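Chemist:
There are 2 protein chains.
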Amino acid sequence: MNAIVARAHNFSAGPAALPEEVLREAQEELLEWRGEGASVLELSHRGKAFMRLAEEAEASLRRLLAVPEDYAVLFLQGGARLHFALIPMNFAAGARADYVLTGYWSEKAFKEGGRISEARVAASSKHSRYVTVPSFSAWDLDPGAAYVHLTPNETIHGVEFHDFPDLGAVPVIADMSSTLLSRPLEVRRYGMIYAGAQKNIGPAGLVLLILRRDLLERCPATLPEILSYRRHAEEGSMLNTPPTFAWYLAGKVFAWIERQGGLEEMERRNRRKAELLYAAIDGSGGFYRNPVEPAFRSWMNVPFILADPSLDELFLREAQAHGLLALKGHRAVGGMRASLYNAVPVAAVEALTDFMGDFARRHG
Amino acid sequence: MNAIVARAHNFSAGPAALPEEVLREAQEELLEWRGEGASVLELSHRGKAFMRLAEEAEASLRRLLAVPEDYAVLFLQGGARLHFALIPMNFAAGARADYVLTGYWSEKAFKEGGRISEARVAASSKHSRYVTVPSFSAWDLDPGAAYVHLTPNETIHGVEFHDFPDLGAVPVIADMSSTLLSRPLEVRRYGMIYAGAQKNIGPAGLVLLILRRDLLERCPATLPEILSYRRHAEEGSMLNTPPTFAWYLAGKVFAWIERQGGLEEMERRNRRKAELLYAAIDGSGGFYRNPVEPAFRSWMNVPFILADPSLDELFLREAQAHGLLALKGHRAVGGMRASLYNAVPVAAVEALTDFMGDFARRHG
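What follows is the structure in structure tokens.
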């Protein structure tokens with residue numbers, strides 16, 4: 001069954017491509033898993049078999065990112081969006097919080113944050129239409145803020161940054177939905193990292209949180225239990241039934257990354273893929289264009305426009321016919337976007353750049 | 001691949017058994033779905049293919065339950081537990097709300113509700129250790145309550161009821177996690193029905209809401225968007241990325257129920273399964289015992305104890321060896337529990353009752 005399947009190159013921004021090996025393993029054991037007499041979909045999260053899986057997945061993630069012992073790892077639900085609200089509820093209810101705006105998603109986080117906390121813009125590149133990151137000297141940081149919120153990779157605007165000013169005692173909380181696991185990371189620079197799974201981690205419906213345990217003491221005791229990070233940490237992400245299949249697939253993705261050579265190897269591949277695609281864009285003589293300042297171009301999400309937007313539909317139709325899927329840009333910025341997450345092989349980007357070159361020759 | 005798999009009879013309370021047909025379909029298309037060139041796990045929720053799936057699933061659910069036009073159907077995340085908090089946040093922030101306590105889960109809902117609203121116990125069978133449902137004459141209802149919260153099936157205590165007093169203009173909000181789709185239902189009696197998927201609907205990580213649209217006007221505009229039922233309804237459950245694979249599997253489960261003959265057929269089978277198991281318990285001469293008042297015995301979750309608890313471990317070990325899984329009772333009540341959701345066939349219950357009879361003969 002499915003020995004031959006017609007899988008195309010998938011550049012979706014999320015839910016996104018998963019490693020084919022992971023899908024094949026999941027397929028093989030979808031009816032019966034590890035001799036349990038049932039699918040992993042059908043097992044209690046409190047049973048021995050699932051508990052072991054859960055621990056293995058966490059251990060694998062901790063190895064990949066060298067997560068320090070004093071950080072908790074949580075497997076929760078709700079998408080990053082739920083956490084736009086839960087972060088201020090847990091850490092800044094009625095208090096001040098700083099936000100750095102570098103695109104669509106940091107704006108959304110700021111707006112939700114403002115419904116709970118005294119959210120304040122510490123820096124913004126909105127005036128540039130989010131094609132850059134505010135220079136450190138322009139960051140107006142509040143030393144009394146409960147946290148500073150960053151979005152190190154903007155999935156829609158294709159802006160990425162991994163350096164930031166020394167923030168003293170103010171914890172950095174970073175939405176890394178579209179960049180976590182794409183390269184090594186110094187976890188200790190962050191108070192909390194969170195990421196929706198549907199990019200580099202697994203299927204939609206799972207959110208990873210990596211957070212310094214001492215911050216959990218700030219979670220108000222008056223919060224409903226289900227909104228409290230402290231309660232989730234105390235219960236090992238099993239305060240309620242977790243999204244078990246998503247957790248299982250995420251564990252398989254972590255193991256796949258380890259087999260490939262870890263985050264150093266992901267970095268090598270992702271750098272290569274990004275270089276290939278940006279070179280094709282920049283070398284097209286203006287046929288294609290990416291507006292982002294080169295130092296802040298995302299490795300993961302590459303938006304580009306055609307000089308002649310009347311060719312957009314033809315480009316997408318022909319790309320699809322060449323087995324190049326999901327290249328339409330987000331409605332907020334238009335044009336095209338190729339997302340190059342870990343599961344997208346270099347060969348897929350080569351197929352894309354070949355097609356782009358050919359298309360430009362025929363229509364340039 | 002997997003032509004022969006060793007699947008046992010699975011009595012898990014949730015995540016629970018899924019129809020084998022559904023799992024086989026999902027397995028068949030796990031690498032490539034509907035000619036899309038990718039797994040359904042890898043597709044954007046905003047693409048045509050997934051949007052069609054989402055609409056098909058909702059239409060199927062609406063047919064099954066004859067959901068009136070003026071009710072919205074939402075596919076959300078967070079487990080029923082998240083909604084213990086969101087229900088008062090949306091409908092009773094700072095206002096009064098009534099709760100009827102009939103077991104472990106209604107107590108949890110009440111406690112979370114009390115952190116947001118002036119939650120009040122309108123009736124409780126706690127004094128009986130939750131083996132019955134308070135008689136209607138004892139319900140002390142507040143005509144000014146924002147809602148009355150009911151738990152028509154208590155998954156742990158095995159108490160079920162589907163009738164309730166006339167509540168006038170006060171909307172009934174019902175946690176039907178473990179009973180929705182087990183039999184026909186008059187949706188119009190409820191202001192809102194909600195259910196975690198991992199019993200009769202699909203995998204963990206999805207929650208269904210069926211709610212009267214006029215109630216959405218009560219959702220405070222000051223709520224963070226992601227916590228607002230009004231915003232979720234306005235965006236067709238796609239305010240953020242939904243748990244796409246869970247939605248897909250739920251759609252397959254709905255279609256499977258329709259093929260089986262709909263909720264009338266589920267009711268016939270579920271009644272038969274419950275009758276078989278309760279008859280085996282009651283006819284065991286006291287070897288097994290279910291404490292619940294017969295009129296309120298759950299069709300879905302059947303807790304039972306052995307007169308001699310020193311046999312518990314042996315019972316579980318032998319059951320497992322007979323291919324009868326997940327019979328251990330919840331830690332809150334101990335003993336055994338068999339959950340008989342839609343995907344558990346009559347033959348599984350026959351195998352269980354045969355084993356129980358044999359075990360009692362050997363150890364009675």
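Protein sequence lines correspond, in order, to chains G and H.
Under the working numbering, the first sequence has 257 at position 257, and the numbering climbs by one with no breaks.
Under the working numbering, the second sequence has 136 at position 136, and the numbering climbs by one with no breaks.
Even for Gly, the Cβ is constructed at its ideal location relative to N, Cα and C.
Treat the numbers as computed from the prediction; the structure is a model and nothing was measured.
So if I threshold CB-CB distances at 7 Å, which residues from the stretch 106-124 of chain H count as touching chain G?
Modeler: Listed by position, the residues of the stretch 106-124 of chain H near chain G (Cβ gap below 7 Å) are Glu112, Arg115, Ile116.
Chemist: Give me the Cα-Cα distance between Leu319 of chain G and Leu306 of chain G, rounded to the nearest whole angstrom.
Modeler: The identity of residue 319 of chain G in the sequence shown is Ala, whereas the question assumes Leu. Taking the straight line from one Cα to the other gives about 14 Å.
Chemist: What did DSSP end up calling Ser342 of chain G once you bin it into helix, strand or coil?
Modeler: Sequence inspection shows Asn at residue 342 of chain G; the Ser mentioned does not correspond to that position. Coil.
Chemist: Strictly by DSSP, which residues pair up with Ser124 of chain G?
Modeler: Answer by DSSP bridge pairing, in chain order: G:Leu101.
Chemist: Within 8 Å (strictly less), CB to CB, does Pro203 of chain G reach chain B?
Modeler: No chain B is part of this structure, whose protein chains are labelled G and H.
Chemist: Do you know whose CA, among H:Asp98, H:Ala72, H:Asn200, lies nearest Pro15 of chain H's CA?
Modeler: Of the listed residues, the one whose Cα sits closest to Pro15 of chain H is H:Asn200.
Chemist: Determine the contact status of Gly315 of chain H and Gly364 of chain H, defining contact as a CB-CB distance below 8 Å.
Modeler: The sequence shown places Phe at residue 315 of chain H, rather than the Gly named in the question. No, the Cβ-Cβ distance between Phe315 of chain H and Gly364 of chain H is not below 8 Å.
Chemist: Distance, Cα to Cα, Trp256 of chain H vs Ala348 of chain G?
Modeler: Spanning the two alpha carbons is a distance of roughly 37 Å.
Chemist: My output table needs one value for Val303 of chain H: the three-state DSSP class, helix, strand or coil.
Modeler: Checking the sequence, you will find Pro at residue 303 of chain H rather than Val. If DSSP states are grouped into helix, strand and coil, Pro303 of chain H belongs with the strands.
Chemist: What did DSSP end up calling Arg96 of chain H once you bin it into helix, strand or coil?
Modeler: In this structure, Arg96 of chain H counts as strand in the three-state DSSP scheme.
Chemist: Could you give the distance in angstroms between the alpha-carbon of Phe50 of chain H and the alpha-carbon of Leu41 of chain H?
Modeler: Distance between the alpha carbons of Phe50 of chain H and Leu41 of chain H: 10 Å.
Chemist: How many whole angstroms separate the CB atoms of Ala246 of chain H and Leu206 of chain H, which I take to be in contact at a CB cut-off of 8 Å?
Modeler: Indeed, because the Cβ distance is near 4 Å, the residues count as touching under 8 Å.
Chemist: Strictly under 8 Å for the Cβ-Cβ distance: is Ser178 of chain H near chain G by that measure?
Modeler: Answer no: the Cβ-Cβ gap between Ser178 of chain H and chain G never drops below 8 Å.
Chemist: Listed in chain order, which residues of the stretch 235-265 of chain H have Cβ atoms closer than 8 Å to some Cβ of chain G?
Modeler: The residues in question are Leu239, Asn240, Thr241, Pro242, Pro243, Thr244, Phe245, Ala246, Leu249.
Chemist: Touching or not, the stretch 170-188 of chain H and the stretch 207-224 of chain G, by the rule of three or more beta carbon pairs under 8 Å?
Modeler: Counting Cβ pairs under 8 Å, fewer than three are found: no touch.
Chemist: Output, in chain order, the set of chain H residues within a Cβ distance shorter than 8 Å of Pro224 of chain G.
Modeler: Those within 8 Å of Pro224 of chain G in chain H are Phe84, Ala85, Glu112, Arg115, Ile116.
Chemist: According to DSSP, is Tyr229 of chain H part of a helix, a strand, or is it coil?
Modeler: Tyr229 of chain H: helix per DSSP, three-state reduction.
Chemist: Kindly confirm or deny that the stretch 107-115 of chain G and the stretch 67-85 of chain G touch, where touching means at least three C-beta pairs closer than 8 Å.
Modeler: At 8 Å Cβ cutoff, the stretches touch.
Chemist: Measure the C-alpha to C-alpha separation of Ile193 of chain H and His322 of chain G and round it to an integer number of angstroms.
Modeler: Between Ile193 of chain H and His322 of chain G, the C-alpha separation is close to 46 Å.
Chemist: Give the range of the beta strand (DSSP E) segment to which Ala174 of chain G is assigned.
Modeler: It spans 172-175 - the beta strand (DSSP E) in which Ala174 of chain G sits, taken as one unbroken run.
Chemist: Could you give the distance in angstroms between the alpha-carbon of Arg269 of chain G and the alpha-carbon of Val346 of chain G?
Modeler: When rounded, the distance between both Cα atoms is 7 Å.
Chemist: With 16 other CB atoms within 10 Å as the buried threshold, where does Pro242 of chain H fall?
Modeler: So Pro242 of chain H counts as buried.
Chemist: Hey, would you say Gln77 of chain H sits closer than 8 Å to Gly78 of chain G, going by beta carbons?
Modeler: In contact: Gln77 of chain H and Gly78 of chain G (Cβ atoms closer than 8 Å).
Chemist: Verify the CB distance criterion: does Pro184 of chain H have a CB-CB separation below 8 Å to chain G?
Modeler: Not one chain G Cβ lies under 8 Å of Pro184 of chain H.
Chemist: Please identify the residue among H:Tyr190, H:Glu186, H:His162, H:Asp163 whose C-alpha is closest to the C-alpha of Val170 of chain H.
Modeler: Selected option, being the one with the closest Cα: H:Tyr190.
Chemist: Pick out the complete beta strand (DSSP E) segments inside the stretch 195-282 of chain G, 3 residues or longer, and give them in chain order.
Modeler: List check, beta strand (DSSP E) in window: 207-212.
Chemist: Since I believe Trp299 of chain H is in contact with Arg271 of chain H (beta carbons under 8 Å), could you give me their beta-carbon distance rounded to a whole number of angstroms?
Modeler: Right, their Cβ atoms sit about 7 Å apart.
Chemist: Using Cβ-Cβ distances below 8 Å, what residues of the stretch 315-330 of chain H are close to chain G?
Modeler: The residues in question are Gly323, Leu325, Ala326.
Chemist: Suppose you measure from the CA of Ser106 of chain H to the CA of Gly168 of chain G; what does that come to, to the nearest Å?
Modeler: So the alpha carbons of these two residues sit roughly 45 Å apart.
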